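Here the structure comes first, spelled out in structure tokens, and everything after it is commentary.
Protein chains in written order, with the numbering used here: chain H, 10 to 154; chain B, 7 to 36; chain R, 198 to 445.
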């Protein structure tokens with residue numbers, strides 16, 4: 010009886026082994042496929058990011074303006090080419106959304122008195138380019154004064 | 007490792023690329 | 198001398214002389230009008246000589262056997278026509294004219310001699326004029342020297358109106374004589390200026406072409422830029438700043 014039992018157990022184990030091997034094989038194939046998909050997706054993403062970065066660099070260079078997302082869900086705008094004696098000198102301010110989801114400007118360096126007015130105009134008109142143009146003009150006036 | 011890679015791709019697809027797109031669009035608007 | 202007389206010479210030594218002209222022949226020349234040009238007169242002489250020959254021959258041949266007067270006259274007439282045509286041809290191609298060309302060359306030589314004589318006269322005239330001017334100049338120089346020596350002797354300051362020429366001391370005269378011929382220099386430069394003008398015209402043309410190309414390229418780029426801009430604007434989000442701020 011014991012022998013028969015052992016033989017039955019062994020047979021069972023063998024079957025288990027076969028099915029496990031099959032499963033492992035399936036998993037390996039699945040893994041390979043997923044890896045392939047991920048790799049393709051990664052490449053596509055990299056390509057897209059590269060192209061996006063090119064256009065961002067072009068704008069940054071041409072506008073003399075860098076836009077960064079910073080800690081605290083804020084956008085930081087950094088202007089250059091304002092001071093003719095030191096074109097690399099940065100002039101910046103931050104923008105975020107308040108509790109009512111309105112634009113809020115803060116942390117300007119150097120400090121701008123008129124920034125609050127510009128903020129109000131931006132909230133009314135939603136005209137981002139005019140807003141930024143005015144900020145640049147204000148920074149320029151600070152340099153020349 | 008596969009899960010990590012998948013998450014990485016997800017992050018890029020749902021965060022990095024949209025962020026770059028919004029930045030580019032914001033620049034375009036400016 | 199007797200030895201010179203033709204009658205005293207023997208046959209072989211007899212001096213040949215020209216036979217006298219027949220009166221009829223001289224009449225031929227006289228009958229041609231002197232108002233005509235020389236080559237035409239020669240042509241007329243040739244024709245009238247032939248006709249005269251025919252006239253003289255006719256009575257002699259009338260007595261011979263087998264002679265037909267009608268045939269003879271017909272042949273003479275056709276030959277006369279041919280000769281006339283031949284003479285006209287010689288007249289038109291200048292063959293008859295060449296008979297008189299010797300005298301014409303002599304005429305052009307004459308006119309050349311006349312010009313040379315005239316030139317010699319002019320040269321003599323200008324040389325004598327130049328001598329007169331030189332003498333005048335010497336005379337004025339002497340006067341100037343006299344005046345300056347007189348002025349220093351008198352020791353009086355008087356204003357004397359002196360012609361500018363008298364200011365010229367001998368050293369200044371030399372300087373003036375060696376003055377370059379500015380007119381000639383300018384004329385020589387004219388060629389250079391002409392070339393420069395050509396080059397400048399070419400340059401101007403090239404610049405105009407470049408300018409046109411620049412305008413066309415700019416317009417083309419503007420067009421493409423507007424098209425691309427429209428395409429990209431269509432895909433823009435209405436508020437990318439907000440979306441960016443909301444993105445964690």
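By construction, the Cβ of each residue, glycine as well, lies at the ideal position given by its N, Cα and C atoms.
Just so you know, these numbers come straight off a predicted model, no measurement behind them.
Item                                                                                                                                                                                                : Value
Closest to residue 444 of chain R by CA distance: which of H/99, H/62, H/79 and H/123 is it?                                                                                                        : H/79
Tell me, please, which residues DSSP counts as bridged to residue 75 of chain H.                                                                                                                    : H/87
Report yes if the C-beta distance between residue 151 of chain H and residue 99 of chain H is below 8 angstroms; otherwise report no.                                                               : no
Kindly identify the DSSP beta-bridge partner or partners of residue 112 of chain H.                                                                                                                 : H/106
Taking only runs that begin and end inside the segment 364-426 of chain R, name each unbroken alpha helix (DSSP H) of 4 or more residues, in chain order.                                           : 367-374
Which residues, in order along the segment 418-442 of chain R, keep a beta-carbon less than 8 angstroms from a beta-carbon of chain H?                                                              : 436, 438, 439, 441 and 442
Roughly how many whole angstroms lie between the Cα atoms of residue 129 of chain H and residue 137 of chain H?                                                                                     : 12 angstroms
Give the DSSP-derived three-state secondary structure of residue 117 of chain H in the structure shown.                                                                                             : strand
May I ask which residues mark the beginning and end of the alpha helix (DSSP H) holding residue 234 of chain R?                                                                                     : Looking at the DSSP string, residue 234 of chain R is not in any alpha helix (DSSP H), and its letter there is neither H nor E.
On a Cα-Cα basis, can you pick out the residue from H/14, H/132 and H/49 that is closest to residue 109 of chain H?                                                                                 : H/132
Inspect the beta-carbon positions of residue 8 of chain B and residue 52 of chain H and report whether they are closer than 8 angstroms.                                                            : no
Is the CB of residue 62 of chain H under 8 angstroms away from at least one CB in chain B?                                                                                                          : yes
From residue 334 of chain R to residue 322 of chain R, what distance separates their C-alpha atoms?                                                                                                 : 19 angstroms
Using a Cβ-Cβ cut-off of 8 angstroms, state whether residue 411 of chain R counts as contacting chain B.                                                                                            : no
Say whether the segment 229-245 of chain R touches the segment 263-282 of chain R, bearing in mind that this needs 3 or more beta-carbon pairs closer than 8 angstroms, one atom from each stretch. : yes
Within 10 Å of its beta-carbon, does residue 437 of chain R have 16 or more other beta-carbons around it, so buried, or fewer, so exposed?                                                          : buried
Determine, using beta carbons only, whether residue 31 of chain B comes closer than 8 angstroms to chain R.                                                                                         : yes
Would you call the CB atoms of residue 266 of chain R and residue 249 of chain R closer than 8 angstroms?                                                                                           : no
Out of H/83, H/15 and H/49, which one is the CA nearest neighbour of residue 112 of chain H?                                                                                                        : H/83
Are residue 293 of chain R and residue 236 of chain R touching if we call contact CB-CB under 8 angstroms?                                                                                          : yes
Can you find the residues in the same chain that come closer than 6 angstroms, C-beta to C-beta, to residue 140 of chain H, ignoring five residues on each side of it along the sequence?           : 127 and 131
Closest to residue 161 of chain H by C-alpha separation, out of H/73, H/93, H/95 and H/33, would be which residue?                                                                                  : For residue 161 of chain H there is no data in the structure shown, the boundaries of chain H being 10 and 154.
Find the nearest neighbour of residue 296 of chain R within the set R/270, R/239 and R/387, judged by alpha-carbon distance.                                                                        : R/239
So residue 288 of chain R is in the alpha helix (DSSP H); what residue range does that whole segment cover?                                                                                         : 266-289
Please list, in chain order, the chain H residues whose beta carbon lies closer than 8 angstroms to that of residue 21 of chain B.                                                                  : Here the premise fails: no neighbours, minimum Cβ distance about 10 angstroms.
Tell me, please, which residues DSSP counts as bridged to residue 155 of chain H.                                                                                                                   : Only positions 10 to 154 of chain H appear in the structure, and residue 155 of chain H is not among them; the question remains open.
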